[in-house]
Amino acid sequence: MRTPPTSRESRAPRERRWSRPRWVFLGGLMLAVLMLATSVAIFMKVRASVVEEQQKRNALYARVLENYVTRSVDTVALSLAGIASDLGVPLTATSKAISSNLRQILVSLPQLRSLAVIQLNGVVTAASDEADVGRRVDVARLGPLPSSSRPAIGSYVTGRGLSSIALDSRVAVSPGAIGFIPVMQRVRSAAGDVIVVALLHSDGLVRQMRLTIDDPSSRAALTGFDGRLYGDTADAIPGTSLADHTVFRNFLPRIEHANFEGPGIDPDDQTGAFRVSSAWPLVVIVERPLQTVTSAWLRGVRAQLVAAAFAVLVVVGLTIVASRSLKAREEARQGRDRLLAKIARSEQELSVIVRSVQEFLFRTDAQGVLTFVNAHWMAAIGDAQQPILGTRLEDVVATRERPRVEAMLAPASSAGVRTATLTFWAATDHPRRVDIALVPLHDGSRLIGFAGSAVDITAREEAEARLAEQLAFMALLQDLSPLPTSMRDMSGRYVDVNRAWLEFFGLTRNDVVGREKSCIVNDAERRLHDEQDRRLSAAGRPIQYEATFTRSDGGRRDMLINKVLVPGRDGRPQGILSTFMDVTDLRDASRTTQEAREAAEEASRVKSEFIANVSHELRTPLQSIIGFSELGAGRMRHDALVSDMFSDILSSGQRMLTLVNDLLDVAKIESAVGTIHLERTDLRPLLRLVVRELAPLIDARHLVVDLRLPTAPLSTKVDPFRFQQVVRNVLANAIRFSGVGETIQVGARFASDRSIHIWVRDHGPGIPADEVEDIFDAFVQSSKTKDGAGGTGLGLAICRKILDVHRGTISARNVAGGGACFDVLLPPNDFTDTVPGVLAELA
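Following our numbering, the numbering of the sequence shown begins with -15 at its first residue and continues without gaps.
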């Protein structure tokens, strides 16, 4: 076999061989590009000369036409000068004589439509056309009137004569292409200044310009310095503005004659020339479309273009043919080299594959004696180092499996590939279970041996055994679960159920497996479960719901059901796994609890309404008792005994009224009648107002109130009336428990979290530690009030409920040095301005 060249040896010749067609192709391509570039340069030079020749022709036309226009206007100006001199002779300057003279002059000037003498007010005093004499015309339409005796050219006027601008008659409107150019001269006469007007025939000028050019593709135009068109040999309407023309934008008034290339009177590109009249403010423009010039150039060089293109194509074709021919030769050589290299690589790869394959590969002769084994089998021999080649295949397997090997090696067998699962007992480091395959090898019709392979399946069979054990364990675990569990396929048929499920429904496994759920539930219950199955399939995640099951004995059970989709190997759901729990007893207990709670709430409501009604009925007689006792005490001041009796009645009635008012507050709270309306308020004025209201009590006990308030506003959202009620109750408690002459500290500030902290601190006996929270319960008083200083036991309970609605808190603590401190905390402002808050009932 020929040894392929190494990569380093073959790389240089390959590169040289590949460079030949590449250089041939690049050389031919460069030659074609050079020919094409040369041809383009020549043709473009010819085009430039054609355009330049056209520019010269345009300039010549412009010069000839400018000379013609200038001479025509000069002739008209001389005529106007003669008429002006005649008007200066009094003996001959009569209207009739002047009109006759004008008619004679008009005969010798065919480029004029008419001649006339017009006063400054527009009255025609003399004219070559007798119909115009005495007519009044609009002199403004003639353009700016000359201010001196020098002739001037006016604006283009559409019409056939002065009748088209008459003010006292109607004249048919003439087409835009029919008009005249007024040439005017001011003349001073004895009767005043008059204007001599010559109506220059613009159509005559255009016809002469068209005859001079004599080229249908070219055009000539006559304009004024302002770009106003006087006439055009094409279809442009006289009187239109050409101020955006290249001549007026780029040349005038700096340059009086030049050639140009670009947009012209038409928007298409033009080759043109212009020239300004040497004596008059007139511009002659000559243009020819650039496309027309280019087309004429292409028609002239068409044969040369075809010849050049053919030459380039010939060069390109020859280059491609030569390049392909060389490339085909190189590809043939490379194909041969690649084929040789591929054969060598295939032999190497096959050798590597045989050495690295993780299966036992072997070959035997016709009698089953091993003649070849791969490296993997040699490695499997391990430390045994037993000779393997020359051993019979049946001697390698277990004794009980040798007949199967003999059958596989039988020459008379007609099977092609012969397979079996055997145990390699010898010729390996340990027994191995293998899947073996034998293929008979023939030389013609004669059997010469076998080629075989064996796949080690020991680990797979061990894994299958472990998996079977795990499945048996999971089945046992599911069977022992106290929760009824079932597995159904996507068609709704039961695949498996556990023992708890069978016991719950009182069925056997044969009654359930392979059947639908209609065998255990009625139609209404089945529709509910079907709907939940559809929800589970749509959601794709576990669901939980409650349902009722009717047992065979008619009893109904409440069940909490959990369902989950079981995915298959392809990721799609293959079944639904369900578990449920009997919650009948739990639901019965919950219903019993709910009924008891509703009964308790009803009793509390009746009690609250009773207290509210009784307290309301007590207020009227108490008011009468207090009023009459005050009246009796005032009238019986002289009788000390009777006066003391009335005073005792008064104080008892007031205490009773206070108790009734507190009971009414409690009734409002418990009956959910009271509401709180929050509004943004500065708390400092409210605190000062409460201290001012309780000043009589403070002064009676010679107490001092140390009011500590910040200078900045303490703004938050509260119900002002209820907030003052809280402060009033707390401060009244501090007054009652403070000794004579002591100090009560009242303060407020912003806490670190922007909540508002209000405190009231006294120097009284304090609160027992085990009663700090109890004093906020209804009808509970501190044990320190045995001296009669306490109230009804409702004030602090009302304060806590009011602050609960404000989302605030109130608490009490003993202070070192004696006394108690009540802390009120109001939350930051994060709720609405006015929210009706219902005062919930006291616990």
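Yeah, the Cβ is synthetic: ideal placement off N, Cα and C, and Gly gets one too. Predicted model only: the values in this text are computed from it and were never measured.
Glu385: first and last residue of the uninterrupted beta strand (DSSP E) it sits in | Mapped onto the sequence shown, residue 385 falls at position 401. Unbroken run through Glu385: none, as it is neither H nor E.
Return the CA-CA distance between Val689 and Asn713, expressed in angstroms with no decimal places.
-> As a position in the sequence shown, residue 689 is number 705, starting the count at 1. As a position in the sequence shown, residue 713 is number 729, starting the count at 1. Cα to Cα, Val689 sits roughly 15 Å from Asn713.
For Leu787, I'd like the list of residues in its chain whose CB is within less than 7 Å of its CB, leaving aside the five on either flank, ordered along the chain.
-> In the sequence shown, the residue the question calls residue 787 occupies position 803. Hits under 7 Å: Val710, Thr793, Ile794, Val808.
Of the residues Ala204, Ser148, Gly118, the one placed nearest Leu49, counting alpha carbons only = Translated into the one-based positions of the sequence shown, residue 49 becomes position 65. Nearest C-alpha to Leu49: Ala204.
Going by the beta-carbon positions, is the gap between Gly750 and Asn798 smaller than 7 Å?
-> Locating residue 750 in the sequence shown gives position 766, where the first residue counts as 1. Locating residue 798 in the sequence shown gives position 814, where the first residue counts as 1. For Gly750 and Asn798, yes; Cβs fall inside 7 Å.
Specify the secondary structure class of Trp743 as computed by DSSP and reduced to three states.
-> One-based indexing of the sequence shown puts residue 743 at position 759. Trp743 falls in the strand class under three-state DSSP.
Thinking C-alpha only, which one of Ile149, Ala263, Asp253, Arg619 is nearest Arg55?
-> Working through the sequence shown from its first residue, we reach residue 55 at position 71. Residue Ala263 is the option with its Cα nearest to Arg55.
My guess is that Leu698 and Leu667 are in contact by the Cβ rule of under 8 Å, so how many angstroms apart are they, rounded?
-> Here the question's residue 698 lines up with position 714 in the sequence shown. Here the question's residue 667 lines up with position 683 in the sequence shown. Between Leu667 and Leu698 the Cβ distance is about 4 Å, and since that is below 8 Å, they are a contact.
For Glu530: DSSP bridge partner residues | Numbered from its first residue, the sequence shown carries residue 530 at position 546. In the DSSP output, where bridge partners are listed per residue, Glu530 has Leu544.
Let me know the secondary structure DSSP gives Gln369 once reduced to three states.
-> The sequence position of residue 369 within the sequence shown is 385, counting from 1. With a pLDDT of 44 at Gln369, under the threshold of 50, the modelled position of this residue cannot be trusted; read the value that follows with caution. Correct three-state label for Gln369: coil.
Apart from the five residues on each side of it in sequence, which residues of its chain come closer than 6 Å, Cβ to Cβ, to Gln528?
-> Position 544 of the sequence shown, counting from 1, holds the residue named residue 528. The answer, listed in chain order, is Asn546.
Taking Arg472 as part of the beta strand (DSSP E), name the residues at either end of that continuous run.
-> Sequence index remark: in the sequence shown, residue 472 carries index 488 (1-based). 469 to 473 is the extent of the beta strand (DSSP E) around Arg472.
May I have the straight-line CA-CA distance separating Gly772 from Arg581, to the nearest angstrom?
-> Translated into positions along the sequence shown, residue 772 becomes position 788. Translated into positions along the sequence shown, residue 581 becomes position 597. Interpretation of Gly772 is limited by its pLDDT of 46, a score under 50 that renders its predicted location unreliable; no figure is taken from the coordinates.
Go through its chain and collect everything with a Cβ distance to Arg97's Cβ below 8 Å, but skip five positions before and after it.
-> Position 113 of the sequence shown, counting from 1, holds the residue named residue 97. So the list reads Arg144, Gly145, Phe164, Leu183, Leu184, His185, once near-sequence residues are dropped.
How many Å lie between Leu455 and Glu446 at the Cα?
-> The sequence position of residue 455 within the sequence shown is 471, counting from 1. The sequence position of residue 446 within the sequence shown is 462, counting from 1. Rounded to the nearest angstrom, the two C-alpha atoms are 14 Å apart.
Glu663 lies in the beta strand (DSSP E); which residues open and close that run?
-> As a first step, residue 663 is located in the sequence shown; it is residue number 679 there, counting from the start. First-last of the beta strand (DSSP E) with Glu663: 663 to 666.
Verify whether the separation of the beta carbon atoms of Arg376 and Val353 is less than 7 Å.
-> Counting from one through the sequence shown, the residue named residue 376 turns up at place 392. Counting from one through the sequence shown, the residue named residue 353 turns up at place 369. Yes, the pair counts as a contact, with Cβ atoms nearer than the cut-off.
What does DSSP give as the partner residues of Arg701 in its beta bridges?
-> To locate residue 701, count along the sequence shown from 1; it is residue 717. Reading off the sequence shown, one finds Lys at residue 701, where the question assumed Arg. BP columns for Lys701 point to Arg664.
Identify the residues that DSSP records as bridge partners of Asp321: which are they?
-> Along the sequence shown, read from residue 1 onward, the residue named residue 321 stands at position 337. Paired residue(s): none; Asp321 is not in a bridge.
What number of angstroms, rounded off, separates the C-alpha of Gln95 from the C-alpha of Ser279?
-> Against the sequence shown, residue 95 aligns to sequence position 111. Against the sequence shown, residue 279 aligns to sequence position 295. Cα to Cα, Gln95 sits roughly 37 Å from Ser279.
With 16 as the cutoff for other CB atoms within 10 Å, does Gly830 come out buried or exposed?
-> Nothing in the structure corresponds to residue 830, since the chain is present only between -15 and 827.
Strand pairing of His241, partner residues [DSSP] = Against the sequence shown, residue 241 aligns to sequence position 257. Per DSSP, Arg259.
Between the stretch 80 to 91 and the stretch 120 to 139, do at least 3 Cβ pairs fall closer than 8 Å?
-> no
Taking the alpha carbon of Glu314 as the point to measure from, which residue in Val764, Cys805, Trp743, Arg4 has its own alpha carbon closest?
-> Within the sequence shown, the letter at position 330 stands for residue 314. The option with the nearest alpha carbon to Glu314 is Arg4.
Roughly how many whole angstroms lie between the Cα atoms of Gly731 and Asp628?
-> Taking the first residue of the sequence shown as 1, we reach residue 731 at position 747. Taking the first residue of the sequence shown as 1, we reach residue 628 at position 644. Taking the straight line joining both Cα atoms gives about 41 Å.
If you count every other CB in all the chains shown that lies within 10 Å of the CB of Leu64, and 16 or more means buried, which is it?
-> If you number the sequence shown from 1, residue 64 lands on position 80. With 16 or more Cβ atoms within 10 Å of its Cβ, Leu64 is classed as buried.
Which partner residues does Cys805 have in the DSSP bridge list?
-> In the sequence shown, counting from the first residue as 1, residue 805 sits at position 821. According to DSSP, which records beta bridges pairwise, Cys805 is partnered with Arg745, Arg797.
8 Å contact criterion, which Ser225 and Arg212 should meet: CB distance rounded | Within the sequence shown, numbered from 1, the residue matching residue 225 stands at position 241. Within the sequence shown, numbered from 1, the residue matching residue 212 stands at position 228. Yes, Ser225 and Arg212 are in contact; Cβ-Cβ is about 6 Å, under 8 Å.
Contact under 7 Å by Cβ, Leu670 with Phe705 | To locate residue 670, count along the sequence shown from 1; it is residue 686. To locate residue 705, count along the sequence shown from 1; it is residue 721. No; because the gap between Cβ atoms is not below 7 Å, this pair is not in contact.
Proximity of Pro166 and Val181 at Cβ, strictly below 7 Å | To locate residue 166, count along the sequence shown from 1; it is residue 182. To locate residue 181, count along the sequence shown from 1; it is residue 197. Yes, they are a contact pair.
What is the DSSP secondary structure of Gln192, reduced to helix, strand or coil?
-> On the sequence shown, residue 192 is found 208 positions in, with the first residue counted as 1. If DSSP states are grouped into helix, strand and coil, Gln192 belongs with the helices.
Applying the criterion that 16 or more other CB atoms from any shown protein chain within 10 Å of the CB defines a buried residue, is Trp7 buried or exposed?
-> In the sequence shown, residue 7 corresponds to position 23, counting from 1. Classification of Trp7: exposed, given that the 10 Å Cβ count is below 16.
Start and end residues, alpha helix (DSSP H) containing Met458 | For the purposes of this step, residue 458 is identified with residue 474 of the sequence shown, where counting begins at 1. 442 to 464 is the span of the alpha helix (DSSP H), which, as asked, contains Met458.
Hey, Val53 and Leu195: beta-carbon distance below 7 Å or not?
-> Start at 1 with the first residue of the sequence shown, and residue 53 comes out as number 69. Start at 1 with the first residue of the sequence shown, and residue 195 comes out as number 211. Against a cut-off of 7 Å, the Cβ pair of Leu195 and Val53 comes out as no contact.
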